[in-house]
Every structure is written in C-alpha cells, then in structure tokens.
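As structure tokens, the structure follows; a few thoughts come after it.
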Amino acid sequence: AQTVTQSQPEMSVQEAETVTLSCTYDTSENNYYLFWYKQPPSRQMILVIRQEAYKQQNATENRFSVNFQKAAKSFSLKISDSQLGDTAMYFCAFAPDNYGQNFVFGPGTRLSVLP
Amino acid sequence: GAVVSQHPSRVICKSGTSVKIECRSLDFQATTMFWYRQFPKQSLMLMATSNEGSKATYEQGVEKDKFLINHASLTLSTLTVTSAHPEDSSFYICSALKEGALSNQPQHFGDGTRLSIL
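From first to last, the protein sequence lines stand for chains A and B. According to my numbering, numbering within the first sequence proceeds without interruption in unit steps and concludes at 710. According to my numbering, numbering within the second sequence proceeds without interruption in unit steps and concludes at 1176.
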C-alpha cells in the first residue's frame, strides 16, 4: 500500500519570501503521479501542480515548483514570492498508474503567509 | 472546464435523519467519482469509489449500509448518510474523473458539504 507523509504540520512565511513544503511517499510502483493540492479556508480543493514519475524534469507553475527526487521518494513544493492568498492547507497526493483507484493524500501542512 | 458541483454545501439535521448529498459534473462526463470524508484539521480520507452503472467500491472500515452511493448517470453521484448520528458529522467532499481521462489527469473536486448532526 502507498503512504504519503508530510512532516511539517504547520509552517509560516513572510509575504514575498520563499517557502518549501516537504512530502515523502512510499510505493513499490515504478510509474505513478504526484500532486499538490491547496485547500484554503473555503475548503475548496485546488490543484496546484502535478508531476509524472517518468519525467525527470521538475514541474513548474508560475510561482510554484517542485523538487522531485524519485530515488529518495521525495516531492517537495516550493512557493516563491509568497502571497497572502497562499495561506491554506497544502496536501501532497499520490496516484498510481492505474489511475482511478487508491488516490492517497498526505496529512497536510498548514501554511500561513504573514504580512 | 471541469466544474464539479456539490449540493448542499451545509446541512444541519436531527439525529436519525437520512441525508443525501449530490455531486454533479457540470461540463464533462465522469465515469468515476470519489467520496471523501475530512475531519477538522485532518486530511481527506477516501470513503468509496463510485462507478457509473455499477456498485461502488468501499474502503475498508466504511459501512456500505450506512453510506449509500448511487452513480446512476455519467454526471451524477449521490451519497446518502442513512440514520445519521452525531459521529457522522464531518466535511464530505466528492471528486470526479473525466471519462476517458489519461492517468495524469487530476481529480476535479466539488466544494464539499459540511454535515452537522444534532
């Protein structure tokens, strides 16, 4: 069974600074997909970024980028130029290649961006 | 595109009542929908996978008779919490996969339903 771990329950960052959220996972699969979702106080789940395990290049989406280390089973999220609207819970998620089953979420990291 | 509507957003009802929550994909067809439960300050826990035209697949520990799932069409799945009790109070979120979605496509989430049983 796959597991996803986020070792930082809470983090804070000053506005305009950079913060990195960590995520590690455990799987015996060779191909899979990783996601970061954001859940603001409104509770809506918003996709931030995704990475395919077979791609070596790290995914980037504007101010968001990942550091994907397949051998270490690590998938950290870097948020640059943090904005107040980035305050939210961030969940790392794993999906196996047979997508549609066993979509596993980590426990989440609560990020607070301070003015 | 890829909008998922979940209704109602908030329900408050008495113990013993059955509550139905709807999850609709508004602009795409979804052969697979998922139902999650989220307790305060915790992560999403998958309850069941709902497949159009077939029985839902429940995760271990989730009572099938308590949480009835119906996926009668390619755009609608419903979760009915039968004879709800205070311990069923939680935040329930659905998500949907586009029909024919490739493996790297994300799930599209509804806005969730906050269920409070008095």
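Think of the CB as a built atom: it goes at the ideal place given N, C-alpha and C, for glycine as much as any other residue.
Using a C-beta cut-off of 8 Å, the stretch 678–691 of chain A makes contact with the stretch 625–637 of chain A, since at least three inter-stretch Cβ pairs fall below that distance.
DSSP places residue 640 (chain A) outside any beta strand (DSSP E), giving it a letter other than H or E.
Counting only the Cα atoms, residue 603 (chain A) lies some 8 Å from residue 703 (chain A). In terms of CA proximity to residue 1082 (chain B), B:1133 leads the group B:1104, B:1167, B:1149, B:1133.
Assignment of residue 1126 (chain B) by DSSP, reduced to helix, strand and coil, places it in the strand class.
Under the three-state reduction of DSSP, residue 691 (chain A) is assigned to strand. Taking a beta-carbon distance threshold of 8 Å, residue 642 (chain A) counts as an interface residue toward chain B.
Taking all protein chains in view, the Cβ of residue 1067 (chain B) is surrounded by fewer than 16 other Cβ atoms within 10 Å, so the residue is classified as exposed. The C-beta of residue 700 (chain A) comes closer than 8 Å to at least one C-beta of chain B. Partner residues in the beta bridge of residue 633 (chain A), as assigned by DSSP, are A:641, A:685. Taking a 10 Å sphere around the C-beta of residue 706 (chain A), we find 16 or more other C-beta atoms and assign the residue as buried.
Interface flag for residue 1165 (chain B) against chain A is set, since a Cβ pair is found closer than 8 Å. Nearest to residue 605 (chain A) by C-alpha distance, out of A:649, A:683, A:661, A:691, is A:683.
Chain order gives no chain A residues near residue 1146 (chain B), where near means a beta carbon separation below 9 Å; the closest approach is about 18 Å. Within the same chain, 1081, 1091, 1108, 1129 come within 6 Å of residue 1135 (chain B) by CB-CB distance, once the 5 residues on both sides are set aside. Against chain A, the CB of residue 1079 (chain B) has no partner CB under 8 Å away; the residue lies outside that interface. Among the residues facing chain B, residue 658 (chain A) is not included, as its CB has no counterpart in that chain under 8 Å away. Counting only runs of 3+ residues, the beta strand (DSSP E) found wholly inside the stretch 1067–1117 of chain B occupies 1068–1071, 1077–1083, 1090–1096, 1102–1109, in chain order.
Of B:1111, B:1103, B:1098, the smallest CA-CA separation from residue 1089 (chain B) is found for B:1111. Boundaries of the beta strand (DSSP E) harbouring residue 1065 (chain B): 1062–1065, taken from the DSSP string.
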